[in-house]
Every structure is written in C-alpha cells, then in structure tokens.
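*Asks:* Heads up: the protein sequence lines correspond to chains A and B, in order. Take any residue in the first sequence, count from 1 to its spot, add 1: that is its number in this note's numbering. Take any residue in the second sequence, count from 1 to its spot, add 1: that is its number in this note's numbering. By construction, the Cβ of each residue, glycine as well, lies at the ideal position given by its N, Cα and C atoms. Model, not experiment: these values are computed from the prediction. I am attaching a structure below and will ask some questions about it afterwards.
Protein chains: 2
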Amino acid sequence: MSDFKRNYSSCPMYYTMSAVEGKWKWIILWKIYEAGIIRYNKLWGELNPIAHKTLSAQLKELEASSLIHREQYNEVPPRVEYSLTEEGRTLIPILELMYQWGQEHMK
Amino acid sequence: MSDFKRNYSSCPMYYTMSAVEGKWKWIILWKIYEAGIIRYNKLWGELNPIAHKTLSAQLKELEASSLIHREQYNEVPPRVEYSLTEEGRTLIPILELMYQWGQEHMK
DNA sequence: CTGGATCCTTGAGGATACTG
DNA sequence: CAGTATCCTCAAGGATCCAG
C-alpha cells in the first residue's frame, strides 16, 4: 500500500482514486462494461498496444478489489472471460459520465 | 503528448483520462471545488505531503487545459487563488459521483 | 507566500520471449 | 489462448534549497 493510500484513507476522494488507480484501470473497466463479457485476447486487442504484463497486472488488481470477475474455462485452447461484478457495476454511472464528458469535449 | 494520448484520441474515454491524468489531478479538482476559491498554500496543506514541484506542475497542466483559473494578486506577500473555470465546472458531476462512491465503499 | 531550480529515486509500465 | 518471466526504460513524482 502506497503513502497515497495510507495517508488519505479517511477522504472518500482518495479512496476512489486508490481503488481505481493507474493509467489503464478506468479504460479497462469501460471496455469490459461496453462488452458485457469479454475474453482476455479481445480486451488486449482493444487496448493495444498495452503490454501483457501491464494488462494482466491491472486485471489482477481489479479482481482483488472485487470490481471485476474472472471466469476460467478449462478448454483447449483456454478461455478466460472478464465481466464487472455487482460492486464493479456501481461504477457505471461514473464511467458513463466520463465517456460523455470526453465525447463533448474532444472535438 | 504521450503515446497514450496520441493513439487513442478517437476514444472519448481516453480523452477524459488524458485531460485529467496523473496521480493528483482529480483530487486537486475536488479540493478546489470544495473550497470554491482556494489559495496555493491552503491547497498545499490539504494535499500534504505533496511536493511543491508536483503541485505546481499539476496546477499548470490543469490551467493549460482550461479546467482551473489562476488569479494572482500583486501584494506583499503574494497571494494566488485557484478556482474552477466554466469548463472545469463541467466535471463537477463526475467529481460528486466519485466522492459519493468513495463514501459508500470505504468502510 | 508562491512557487522555480536541482537533483534524485522508484516503480509503473513496456518489449520480448516463453509456456501449459 | 492466456497469460508468466525477464529485463529495462523513463518520466512522474519527491526532497531540498533558493528567490521574487
């Protein structure tokens, strides 16, 4: 846990930014939300050029925070699907607003 | 401009995350919004232990993005006040939701 | 009081190759 | 296909001192 998280655990704004921190998390959440359910490789393709290491690390953190769910099917070749958890879905209003804000300001 | 910004300028979500990127920007915006108008030193105190270099760099970027306004009074000692611009105020719904989300999940 | 200037650290993120 | 394993870079961020 970083100083950032430790020192400001009492401020809701810090809490939110800690839960979804890093360069990619909001975008990953958005892509998963958009797709509903999405496979690892598809996600990777949409975020390209993200490194596998980066993507899998962020996914793990999001999973550890209970914001996304990882479903693994023991097939050959393997299949893994990601989706938002109930908890993760509580972020949808924020995701929607962020997306809309970008739309309106990006011209 | 980073690869992040360059490669994804077509996706609204990337646009938003680029406009308010970095570890501190959302929190700085929140603190300014909370205060309405706030002096440099007050802001620095609320974010402590943030480095002066970091704070002033982030403030400059936010100013360059037209999200905050910097008003300088030529007094001795100097006084500088920051506030949200019209543009910056369009982020308030997002800030409010982020704050609320933190409140509800931080127990 | 509001930063700028310097120097420095560190860890997030990336490139590439490899594996069950 | 869905990731690890390695190694590496670089720039955000920090500590400290200085200045108008």
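Within the 8 angstroms Cβ cut-off, does A:R90 reach chain B?
*Replies:* Chain B, which has no Cβ nearer than 8 angstroms to the Cβ of A:R90, makes this no.
*Asks:* Can the beta-carbon of B:M14 be found closer than 8 angstroms to that of A:Y100?
*Replies:* Closer than 8 angstroms, so yes.
*Asks:* Please confirm whether A:H70 has its beta-carbon closer than 8 angstroms to some beta-carbon of chain B.
*Replies:* It does not; no Cβ of chain B falls within 8 angstroms.
*Asks:* Which residues bound the beta strand (DSSP E) around A:L85?
*Replies:* Here the beta strand (DSSP E) through A:L85 covers R80 to L85.
*Asks:* Would you verify that the beta carbon of B:T55 is, or is not, closer than 8 angstroms to some beta carbon of chain A?
*Replies:* For B:T55, the answer is no, since every Cβ of chain A falls outside 8 angstroms of its Cβ.
*Asks:* Return the residues of the region 72–103 of chain B that lie within a Cβ-Cβ distance of less than 9 angstroms from chain A, sorted by chain order.
*Replies:* Per Cβ criterion, the list reads E88, T91, L92, P94, I95, L96, L98, M99, Y100, Q101, W102 and G103.
*Asks:* Thinking just about the alpha-carbon of each residue, which of A:M18, A:A65 and A:K24 is nearest to the one in B:S19?
*Replies:* Of the listed residues, the one whose Cα sits closest to B:S19 is A:K24.
*Asks:* Determine the chain A residues that contact B:W27 at a beta-carbon separation under 9 angstroms, and present them in chain order.
*Replies:* Per Cβ cutoff of 9 angstroms: M14, T17 and M18.
*Asks:* Mind checking which residues open and close the alpha helix (DSSP H) that includes B:I93?
*Replies:* Note, B:I93: alpha helix (DSSP H), I93 to H106.
*Asks:* So does the region 49–57 of chain B actually touch the region 57–69 of chain A, counting three or more Cβ pairs closer than 8 angstroms?
*Replies:* Result no; under three Cβ-Cβ pairs closer than 8 angstroms.
*Asks:* Is the shortest distance between the beta-carbon of B:W45 and the beta-carbons of chain A less than 8 angstroms?
*Replies:* No, B:W45 does not count as interfacial toward chain A.
*Asks:* Is the distance from the Cβ of A:Q59 to the Cβ of A:I29 below 8 angstroms?
*Replies:* Against a cut-off of 8 angstroms, the Cβ pair of A:I29 and A:Q59 comes out as a contact.
*Asks:* To which residues does DSSP link A:R90 through a beta bridge?
*Replies:* DSSP output for A:R90 lists no bridge partner at all.
*Asks:* Judging by CA-CA distance, which residue of B:W27, B:V21 and B:T17 is the nearest neighbour of A:E16?
*Replies:* Correcting the residue identity first, residue 16 of chain A is Tyr in this sequence and not Glu. When each option's Cα is compared against that of A:Y16, the closest is B:W27.
*Asks:* Looking only at its own chain, which residues have a Cβ that is under 8 angstroms from the Cβ of A:H106, when we skip the five neighbours before and after it?
*Replies:* If we look at A:H106 and ignore the five residues flanking it on each side, it has no Cβ neighbours.
*Asks:* Report the rounded CA-to-CA distance for A:Q73 versus A:L44, giving the unit in angstroms.
*Replies:* A:Q73 and A:L44: Cα-Cα distance of roughly 15 angstroms.
*Asks:* Could you confirm whether any beta carbon from chain B is found closer than 8 angstroms to the beta carbon of A:M2?
*Replies:* Note that A:M2 scores 44 on pLDDT, short of 50, meaning its location in the model is unreliable; the coordinates nonetheless yield the value given after this. No - not a single Cβ of chain B is within 8 angstroms of the one on A:M2.
*Asks:* Starting from A:E72 and walking both ways along the beta strand (DSSP E), at which residues does that stretch end?
*Replies:* Residues I69 to Y74.
*Asks:* Could you compute how far the alpha carbon of A:T55 sits from the alpha carbon of B:L92?
*Replies:* Going from the Cα of A:T55 to the Cα of B:L92 covers about 28 angstroms.
*Asks:* Any idea if A:G46 is buried or exposed, counting beta-carbon neighbours within 10 angstroms, 16 or more meaning buried?
*Replies:* Under this definition A:G46 is an exposed residue.
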